[in-house]
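Residues 1 to 191 (full-length UniProt numbering) are what the sequence shown spells out, left to right.
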Amino acid sequence: MASNESAADSTSMDPPAPSPSASSSQAPASASAGPSKAKYPMPLPDFVYGGDRLRKMFPTRSLPAELNPLCVDCDDLDDLPLVWFGVLYDQYKLFGYARRRGWAVKQRPDDEEYDMLLTFENLVYKYCEKYGLVIQTREVWGTAKLLITLYSNRDIADYTTRHRDRARKTFKAMGYAEDEPQWYLDLDEEY
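Now the structure itself:
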């Protein structure tokens, strides 16, 4: 991937496009484009259970091709190790986001105190109703905090660019920096 990758491409899940210089070349189709040209779909890699190869790769801004179902030839999405795209849990950012949208729930109607658990439940419901994405919390490798996530690598086939853009906009509206949303390996994955 190019070193000048923009932050907007950080959640890119589509196979990399051929470079402009390769597509404008007049070389015959049988000519080699060099060792850097990836071929999709690639075979499903052998993931060693009990190893730590994948744990060392995460968190990361871009989804590795070997975990992207659009790039890997796999019969069952469950064959791919599960990774989540999201941000680390911050109750103040979540609560502020819910309150600004009128989704915060008070402990009692006549009280100024809010109930965080009911607010989170209402946030999940209202957000899904409005945008079609489910806000979830997940345990992941590399942090003791929960991850707030909207989708995983196994959801990619079901979501469009519109969904991925909505996720980025949501994290920004919650108060997270543009570089905070990343891919994390699910805690149940032992690779």
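Glycine included, every Cβ here is placed at the ideal spot set by N, Cα and C. Please read these numbers as outputs of a predicted model, since none were measured by experiment.
Coarse secondary structure for residue i, derived from DSSP in three states
| i | result |
| --- | --- |
| SER30 | Caution applies to SER30, whose pLDDT of 39 falls short of 50 and renders its modelled position unreliable; the value that the coordinates give is listed next. Residue state, collapsed to three classes: coil. |
| PHE85 | strand |
| LEU185 | strand |
| ARG53 | helix |
| TYR114 | strand |
Exposed unless 16 or more other CB atoms sit within 10 angstroms - verdict on residue i
| i | result |
| --- | --- |
| VAL48 | exposed |
| VAL87 | buried |
| TRP183 | buried |
| ALA17 | Residue confidence for ALA17 is low, a pLDDT of 44 falling below 50, so the modelled location carries little weight; the figure read from the coordinates is stated next. Per the 10 Å Cβ criterion, exposed. |
| ALA157 | exposed |
| TYR125 | exposed |
| ALA29 | Bear in mind that a pLDDT of 41 at ALA29, under 50, signals an unreliable position, so the model cannot answer this. |
| ALA104 | buried |
| THR161 | exposed |
Per DSSP, the bridge partner or partners of residue i
| i | result |
| --- | --- |
| ASP73 | PRO43 |
| ILE148 | VAL87, THR137 |
| THR60 | TRP183 |
Beta-carbon gap between residue i and residue j smaller than 7 Å
| i | j | result |
| --- | --- | --- |
| LEU63 | PRO69 | no |
| THR149 | GLN136 | yes |
| TRP141 | ARG61 | no |
| TYR92 | MET174 | no |
| PHE58 | TYR151 | no |
| VAL83 | LEU185 | yes |
| PRO41 | GLU189 | no |
| TYR127 | ARG166 | no |
| ASN153 | LEU44 | no |
| GLY191 | GLY51 | Residue identity check: residue 191 is Tyr in the sequence provided, not Gly. Taking 7 Å as the Cβ cut-off, TYR191 and GLY51 qualify as a contacting pair. |
Rounded Cβ spacing between residue i and residue j (contact assumed at less than 8 Å)
| i | j | result |
| --- | --- | --- |
| LEU147 | TYR89 | 7 Å |
| ALA65 | CYS74 | That belief does not hold up - the Cβ atoms of ALA65 and CYS74 are roughly 13 Å apart, past 8 Å. |
| LEU94 | LEU123 | 7 Å |
| ARG168 | PRO181 | 6 Å |
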